[in-house]
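What follows is a single structure, written as structure tokens, with notes after it.
Number of protein chains: 2
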Amino acid sequence: MIKTSSDSFARLGWLITPHGTVETPVFMPVGSQATVKGVSPRQLKEIDIRMILSNNYHLYLRPGIEIIRNLGGLHKFMDWDRAILTDSGGFQVFSLSHLRRIDEEGVKFRSHIDGSEHFLTPELAIELQEGLGSDVMMALDICPSFQDTPEQVREATQRTHRWAERCLKAQTRSDQALFGIVQGGFNEEWRKESAGILASLDFPGYALGGLSLGEPREQTQKMIGLTVPYLPQSKPRYLMGVGSPEDILFGVEQGIDMFDSVLPTRVARNGGLYTSKGRINIRNSRWKEAAQAIDPACHCYTCSRFSAAYLHHLFRAEELLAYTLATLHNLSFMYNFMLKVRANIAEGTFKAFKEDFLAGYRSSDEQVRIAQKQKWLENQEQREGNNGKDQ
Amino acid sequence: MIKTSSDSFARLGWLITPHGTVETPVFMPVGSQATVKGVSPRQLKEIDIRMILSNNYHLYLRPGIEIIRNLGGLHKFMDWDRAILTDSGGFQVFSLSHLRRIDEEGVKFRSHIDGSEHFLTPELAIELQEGLGSDVMMALDICPSFQDTPEQVREATQRTHRWAERCLKAQTRSDQALFGIVQGGFNEEWRKESAGILASLDFPGYALGGLSLGEPREQTQKMIGLTVPYLPQSKPRYLMGVGSPEDILFGVEQGIDMFDSVLPTRVARNGGLYTSKGRINIRNSRWKEAAQAIDPACHCYTCSRFSAAYLHHLFRAEELLAYTLATLHNLSFMYNFMLKVRANIAEGTFKAFKEDFLAGYRSSDEQVRIAQKQKWLENQEQREGNNGKDQ
Chain A
1 MIKTSSDSFA
11 RLGWLITPHG
21 TVETPVFMPV
31 GSQATVKGVS
41 PRQLKEIDIR
51 MILSNNYHLY
61 LRPGIEIIRN
71 LGGLHKFMDW
81 DRAILTDSGG
91 FQVFSLSHLR
101 RIDEEGVKFR
111 SHIDGSEHFL
121 TPELAIELQE
131 GLGSDVMMAL
141 DICPSFQDTP
151 EQVREATQRT
161 HRWAERCLKA
171 QTRSDQALFG
181 IVQGGFNEEW
191 RKESAGILAS
201 LDFPGYALGG
211 LSLGEPREQT
221 QKMIGLTVPY
231 LPQSKPRYLM
241 GVGSPEDILF
251 GVEQGIDMFD
261 SVLPTRVARN
271 GGLYTSKGRI
281 NIRNSRWKEA
291 AQAIDPACHC
301 YTCSRFSAAY
311 LHHLFRAEEL
321 LAYTLATLHN
331 LSFMYNFMLK
341 VRANIAEGTF
351 KAFKEDFLAG
361 YRSSDEQVRI
371 AQKQKWLENQ
381 EQREGNNGKD
391 Q
Chain B
392 MIKTSSDSFA
402 RLGWLITPHG
412 TVETPVFMPV
422 GSQATVKGVS
432 PRQLKEIDIR
442 MILSNNYHLY
452 LRPGIEIIRN
462 LGGLHKFMDW
472 DRAILTDSGG
482 FQVFSLSHLR
492 RIDEEGVKFR
502 SHIDGSEHFL
512 TPELAIELQE
522 GLGSDVMMAL
532 DICPSFQDTP
542 EQVREATQRT
552 HRWAERCLKA
562 QTRSDQALFG
572 IVQGGFNEEW
582 RKESAGILAS
592 LDFPGYALGG
602 LSLGEPREQT
612 QKMIGLTVPY
622 LPQSKPRYLM
632 GVGSPEDILF
642 GVEQGIDMFD
652 SVLPTRVARN
662 GGLYTSKGRI
672 NIRNSRWKEA
682 AQAIDPACHC
692 YTCSRFSAAY
702 LHHLFRAEEL
712 LAYTLATLHN
722 LSFMYNFMLK
732 VRANIAEGTF
742 KAFKEDFLAG
752 YRSSDEQVRI
762 AQKQKWLENQ
772 EQREGNNGKD
782 Q
């Protein structure tokens, strides 16, 4: 993995994996359950997606890592011969599962699917990801919650560092890259400290965790800005769970190389479609008779073959094809957006591109961000309630 | 449309339409709402589907025929440049809508979507289908219900004949073929009479209606057998709403050329997958670790790229890709099945093929048939209840 840099802190890079080279900055579509929702791997390839994210937590619970390993690993299982990054499951244990008890050894939790009890340790997180055979594995971290006291955040961050070391020691395969995850909540000192400690462990790549929880963009930006200088120039930097066009621009500007988010695929399934002028909702009746494509500037399958009126009809009629065509469009949009990001970095015009894009782009993702935080908090309350019942 | 015949009553034919020639016997996938559920038109073309069915009733209610006409017709709207047959909406008015009042002029009904009131006449059914621009239009008919008295069935059948004449008179476009629909309930004399009267009206093609309501196969077979001799040899014969592999074999044997059914796509979405040995349910846990394809003899996208275990996982995880891959497989199965049907007719070996196939095929469609009738009756009761409320 070699990196070069350009104007501002934005930089170009190449992630060299056993399943192809990935140009960065890159946006990775999310396929938690071994499928990017609504599209086939062949359709992803047609867009020319080079790398996707999948999830150890989901696949461990269903169908089980052993099954995937016996079938030849995750790439073969889902017929995807390009790069895959797997999240360790840390974030999901804290955001999806019930009854979490963390101690130094690991985290005990109940499956959100069937309530069964499981114990995830740093060593197991690596063993499972080695079973999946992803190109990039993530260390098991502890993502602090909104309700945590400063002491709890500090404790979680320090434990994350000890777990990162254990993950490194547990690794047995040499064809997979293991990334460390910087935590530290929204505390400036702890963020810096976390970046410094992880940098000293010499991971082949670094992720910034805990920054996709719906905090205001300014705060998130600040945390990214003060973390990045502590990470080695030559290694890739991955901002976890962040992927709206605007957030990507801010991240790239600060030297982030990799992004992932369910946003483009999730909003697509609700009729939210990205265009060069902002996000539209195709369910809106103003698209009822529209003969033009969703985005006439777009050359994806959806835009080159279908009118906005047809998409509108499919959504109103709740037809499955709606979700596929909308997802194809949004992923194509993101792919082309990243292509432009990289081209402008190469030309030294990234800052102008960023301002130009944001000036013409009517955002509604800020609302989504707020709604996400709201939902997270509600889930949290619900989980707390469940925990009470379970105990 | 030219026909040649071969062993038994089974026969080969070619349906020549403005959107390509269709070899018969043919199975038409159903895309009532201008999309075959779960797959894109490009995917249908990859299977080499030549003709699909769409529905005047559904498209009239949503998005409205005027919108489709203004956007260049149904072919352009849904990006399908091959043949389309549209049902007139007669069957759907009687099976889906509420508050039906039939008089000589037409049928008054309430939309199953929003309760709005509509009045469909034979003339309007043709005008709407001309707006859609389908290759084959169907006359507006009256499909008797299970509860109808013999007098009501006879009355409905005779009115169907008068409406058929009005449909012929209403037609203005010469690039669309209008098919008449034989009714007559399960009464032998009325079936014969209906076939004879419609034959005298000289339609370019004939459909057998009212035979997909879940009656025992023997009775349906009998009705087909006594109707066919009254229809002209040189014109295509279409058995409406029938499309299980077994039913197709029995139909072809009696000289039927065209079939349609939601069965292969609907059962696919429930995990029911056709194989040469019968239908399996991929949700069953015996497929959990199965490395082989659903049907190793099949060369479709699904079978050539994915294990049964992956399909099983997608269904258990309720992932959208499950429905797409299952639908692609079942439609590929049906396409290849019809290819074999035609090849065996050409070779004069159809009867042997039929017996061979049925001997190796474990059916579960008979259960589906019974369940369909049950559901139809329940809907009927529910509608009657609603009608009471509405009035």
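In the order they appear, the protein sequences are chains A and B. With my numbering, the residue at position 386 of the first sequence is 386, and numbering never jumps. So my numbering is basically just the index in the second sequence, starting at one, shifted up by 391. Quick reminder that beta carbons are idealized off the backbone N, C-alpha and C, glycines included. Note that this is a predicted model, so its numbers are computed, not measured.
Proximal chain A residues relative to residue 429/B, where beta-carbon distance stays under 9 angstroms: In the second sequence, the residue the question calls residue 429/B occupies position 38. Result: 319, 320, 321 and 324.
Alpha carbon of residue 669/B to alpha carbon of residue 252/A, nearest angstrom: Working through the second sequence from its first residue, we reach residue 669/B at position 278. Working through the first sequence from its first residue, we reach residue 252/A at position 252. Their Cα atoms are separated by approximately 54 angstroms.
Status (buried if at least 16 other CB within 10 Å, exposed otherwise) for residue 523/B: What you label residue 523/B is simply residue 132 of the second sequence in a count that begins at 1. Classification for residue 523/B: buried.
Contacts around residue 1/A, its chain only, beta-carbon distance under 8 angstroms, and the 5 residues preceding and following it disregarded: By 1-based counting over the first sequence, the position of residue 1/A is 1. Residue confidence is low: residue 1/A scores 41 on pLDDT, short of 50, so the model does not pin down where it sits. No coordinate-derived value is stated.
Extent of the continuous beta strand (DSSP E) run through residue 78/A: In the first sequence, counting from the first residue as 1, residue 78/A sits at position 78. That residue, residue 78/A, is in no beta strand (DSSP E); it is neither H nor E in DSSP.
Residue-chain proximity (residue 286/A, chain B), Cβ-Cβ < 9 angstroms: Position 286 of the first sequence, counted from the first residue, corresponds to residue 286/A. With 9 angstroms as the cut-off, residue 286/A does not count as an interface residue toward chain B.
Residue interval of the beta strand (DSSP E) (run including residue 622/B): To locate residue 622/B, count along the second sequence from 1; it is residue 231. Element bounds for residue 622/B: n/a, residue is neither H nor E.
Opening and closing residue of the beta strand (DSSP E) in which residue 274/A lies: Within the first sequence, numbered from 1, the residue matching residue 274/A stands at position 274. Counting along the chain, the beta strand (DSSP E) containing residue 274/A begins and ends at 272-275.
9 angstroms Cβ cutoff, residue 96/A in contact with chain B: As a working mapping, residue 96/A is identified with position 96 in the first sequence. Cβ-Cβ to chain B under 9 angstroms: no for residue 96/A.
Alpha carbon of residue 391/A to alpha carbon of residue 109/A, nearest angstrom: Here residue 391/A is taken as the residue at index 391 of the first sequence, counted from 1. Here residue 109/A is taken as the residue at index 109 of the first sequence, counted from 1. At residue 391/A, the pLDDT of 30 sits below 50, so the modelled position is not reliable; the number obtained from the coordinates is stated separately. The straight-line gap from Cα to Cα measures roughly 13 angstroms.
Extent of the continuous alpha helix (DSSP H) to which residue 693/B belongs: For the purposes of this step, residue 693/B is identified with residue 302 of the second sequence, where counting begins at 1. Per DSSP, residue 693/B belongs to the alpha helix (DSSP H) from 692-696.
Any chain B beta carbon closer than 9 angstroms to residue 309/A: On the first sequence, position 309 is the one that residue 309/A refers to. It does; some Cβ of chain B falls within 9 angstroms.
Residue 577/B versus 563/B, 605/B, 556/B and 560/B, residue with shortest Cα-Cα distance: Taking the first residue of the second sequence as 1, we reach residue 577/B at position 186. Minimum Cα distance to residue 577/B is reached at 605/B.
Three-state secondary structure assigned by DSSP to residue 587/B: As a working mapping, residue 587/B is identified with position 196 in the second sequence. Residue 587/B falls in the helix class under three-state DSSP.
Residue burial classification, residue 779/B (beta-carbon count within 10 angstroms, cutoff 16): Against the second sequence, residue 779/B aligns to sequence position 388. In this prediction, residue 779/B scores a pLDDT of 35, lower than 50, which makes its location untrustworthy; the coordinate-derived value is nonetheless stated afterwards. So residue 779/B ends up on the exposed side.
Cβ pair residue 91/A, residue 135/A closer than 9 angstroms: In the first sequence, residue 91/A corresponds to position 91, counting from 1. In the first sequence, residue 135/A corresponds to position 135, counting from 1. No, they are not a contact pair.
Bridge-paired residues (DSSP) for residue 98/A: As a working mapping, residue 98/A is identified with position 98 in the first sequence. Answer is 110/A.
Residue 404/B in three-state terms, based on DSSP: In the second sequence, residue 404/B corresponds to position 13, counting from 1. Three-state DSSP puts residue 404/B in a strand.
Residue environment, residue 296/A, which counts as buried when at least 16 other CB atoms sit within 10 Å: Indexing the first sequence from 1 puts residue 296/A at position 296. Exposed: under 16 other Cβ atoms inside 10 Å.
Whether residue 512/B touches residue 550/B by CB criterion (9 angstroms): Here residue 512/B refers to the residue found at position 121 when the second sequence is read from its first residue. Here residue 550/B refers to the residue found at position 159 when the second sequence is read from its first residue. Contact flag unset, no.
Which of helix, strand or coil DSSP assigns to residue 362/A: Position 362 of the first sequence holds residue 362/A. Three-state DSSP puts residue 362/A in a strand.
Cα-Cα separation, residue 284/A to residue 312/A: For the purposes of this step, residue 284/A is taken as the residue at position 284 of the first sequence. For the purposes of this step, residue 312/A is taken as the residue at position 312 of the first sequence. Cα-Cα distance, rounded: 8 angstroms.
Nearest to residue 271/A (by Cα), restricted to the options 310/A, 77/A and 243/A: Here residue 271/A refers to the residue found at position 271 when the first sequence is read from its first residue. Nearest of 310/A, 77/A and 243/A to residue 271/A, Cα basis: 310/A.
Opposing strand residues paired with residue 393/A [DSSP bridges]: With chain A covering 1 to 391 only, the question about residue 393/A has no answer from this structure.
9 angstroms Cβ cutoff, residue 158/A in contact with chain B: For the purposes of this step, residue 158/A is identified with residue 158 of the first sequence, where counting begins at 1. No, because no Cβ of chain B sits closer than 9 angstroms to the Cβ of residue 158/A.
Contacts around residue 425/B, its chain only, beta-carbon distance under 7 angstroms, and the 5 residues preceding and following it disregarded: On the second sequence, residue 425/B is found 34 positions in, with the first residue counted as 1. Around residue 425/B: 445, 450, 465, 468 and 469.
Nearest-angstrom Cβ-Cβ length linking residue 857/B and residue 748/B, presumed shorter than 8 angstroms: Past the boundaries of the shown model lies residue 857/B; chain B is included only from 392 to 782, so the question cannot be answered.
CB contact below 9 angstroms: residue 442/B versus chain A: In the second sequence, counting from the first residue as 1, residue 442/B sits at position 51. Not an interface residue.
Residue 454/B: contacting residues in chain A (beta-carbon distance under 9 angstroms): Taking the first residue of the second sequence as position 1, residue 454/B is located at position 63. 288, 289, 309, 310, 312, 313, 316 and 317, listed in chain order.
Residue 73/A Cβ short of 8 angstroms to the ligand MG heavy atom set: No copy of the ligand MG appears in this structure; indeed no ligand is present at all.
Counterpart residues of residue 238/A in DSSP-defined beta bridges: Here the question's residue 238/A lines up with position 238 in the first sequence. Per DSSP, 207/A and 258/A.
Cut-off 7 angstroms between Cβ atoms - residues of its own chain near residue 510/B, not counting five sequence neighbours on either side: The residue labelled residue 510/B in the question sits at position 119 within the second sequence. Here the set comprises 497 and 499.
According to DSSP, residues forming a beta bridge with residue 442/B: For the purposes of this step, residue 442/B is taken as residue 51 along the second sequence, with counting starting at 1. Looking at the DSSP assignment, residue 442/B forms a beta bridge with 474/B.
Local conformation of residue 294/A per DSSP, three classes: Walking along the first sequence from the start, residue 294/A turns up at place 294. The answer is coil: DSSP assigns residue 294/A none of H, G, I, E or B.
Inter-residue CB distance, residue 37/A and residue 327/A (contact presumed, cutoff 8 angstroms): In the first sequence, the residue the question calls residue 37/A occupies position 37. In the first sequence, the residue the question calls residue 327/A occupies position 327. With 8 angstroms as the limit, residue 37/A and residue 327/A qualify as a contact, their Cβ atoms being about 7 angstroms apart.
Rounded distance between the beta-carbons of residue 289/A and residue 672/B, thought under 8 angstroms: Taking the first residue of the second sequence as position 1, residue 672/B is located at position 281. Taking the first residue of the first sequence as position 1, residue 289/A is located at position 289. About 42 angstroms; that fails the 8 angstroms criterion.
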